[in-house]
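Worksheet for the structure shown next.
Residue numbers (our numbering): 11 to 383.
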């Protein structure tokens, strides 16, 4: 030793909460399958007696399944969460399922048709609890598609094109979990009733921080909101399920696209009114103040997906010097509830306000949505 005193360097950094982050957990639920046929019956109505059809299941079963890795790695980023079980697929392969697979071993048919003959991709969405949604579809294969075929495997896909684009794959199984062969007769159909579950966070205010270039890091609270205007509701935004529509379109980067009323762009907008964020109260854009200039959308763009990252990020948002010069108390992302109503779906309110003038250009860093099983 040479007698020198060595003093370790100590770096002190303020402990800050994380930036705003959203999460989505996509999970399989169950498949309920039926082999049966339609039978005629007499029905009565205002016009008198007539003939109708009734579905009669003659063989049925229920089983669980798995979601394939490519669902999280690539398919959600292309199609969103809601479309994952849009198309039913059946085949004759017997290889046990594995998360690394991408398609059936021997695909023989696909259908998007439901039990009413509709081919538009119908589904039923149920809000189980705050942030928890079940997405269910009914898909039916006709007699010509499955009659006299020895079916052993099934799956679902967001695409009507045959190939390795499945979100899930499984074998048909009996009540003991053993693989079985299903052989519908020439006059029988196969009906698949499939349900998945999506859990979205946050649903309660979370402590977060947001970095505004040149002004520093602002702390506050962030949450999603599911409430849309009670007089509006579209197929995309789901009345009282706005958070689902928001994260779905965020996941596949569609929020800066305008394709008719149902796909109006999500916008980023400063909040100038005092309020506390929450999950259930509908707040249209004008309830937060208009920055003295009326409502002018600030389009919110989404970054390109990084392969296999299982997350999407918004682009950096810039508010120029001439815009929104007022006292800012937060930032919100707005989604359309209808032709003239906008709901604040993602709400961030910081702990202390600041006043923007025409000498400031405000730059707000990215927000992130992450998903997985």
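Think of the CB as a built atom: it goes at the ideal place given N, C-alpha and C, for glycine as much as any other residue.
In this text, all values refer to a predicted model and were calculated from it rather than measured experimentally.
Check, Outcome
"Among 367, 327, 92, whose alpha-carbon lies nearest the alpha-carbon of residue 169?", "92"
"Do you know offhand how far residue 267's Cα is from residue 184's?", "Note that residue 267 scores a pLDDT of 47, beneath 50, so its modelled location is shaky; the value from the coordinates is reported in the next line. Answer to the nearest angstrom: the Cα atoms are 45 Å apart."
"If I'm right that residue 212 touches residue 232 with Cβ under 8 Å, what's the distance once you round it to whole angstroms?", "7 Å"
"Report the start-end ranges of each beta strand (DSSP E) in the segment 161-248 that is 3 residues or longer and not cut off at the edges.", "163-167, 178-181, 199-211, 216-222, 226-234"
"Anyone know if the C-beta pair for residue 257 and residue 85 falls short of 7 Å?", "no"
"Helix, strand or coil, according to DSSP, for residue 324 in the structure here?", "strand"
"Considering only DSSP beta bridges, list what residue 279 is partnered with.", "342"
"Would you check if the segment 150-163 and the segment 98-109 touch, i.e. whether three or more CB-CB distances between them fall below 8 Å?", "yes"
"Among 67, 113, 214, 197, whose alpha-carbon lies nearest the alpha-carbon of residue 77?", "113"
"Looking at C-beta atoms only, is the number of pairs between the segment 314-332 and the segment 282-299 that lie closer than 8 Å three or more?", "no"
"If distances are taken between C-alpha atoms only, which option among 249, 108, 284 comes closest to residue 363?", "284"
"Using the beta-carbon count (16 or more within 10 Å), is residue 310 buried or exposed?", "buried"
"When you compare each of 129, 186, 251, 216 to residue 140 by their alpha carbons, which one comes out closest?", "251"
"Mind checking residue 123: buried by the 16 CB within 10 Å criterion, or exposed?", "buried"
"Quick check: what's the CA-CA separation for residue 271 versus residue 223?", "Bear in mind that the predicted position of residue 271 carries a pLDDT of just 43, short of 50, making it unreliable; the figure below should be weighed with that in mind. Each residue's Cα considered, the two are about 34 Å apart."
"Just the Cα atoms here: how many angstroms apart are residue 269 and residue 255?", "With a pLDDT of 40 at residue 269, under the threshold of 50, the predicted position of this residue should be treated as unreliable, and no value is reported."
"Under 6 Å Cβ to Cβ from residue 210, same chain only, skipping five residues before and after it: list those, please.", "34, 141, 253, 257"
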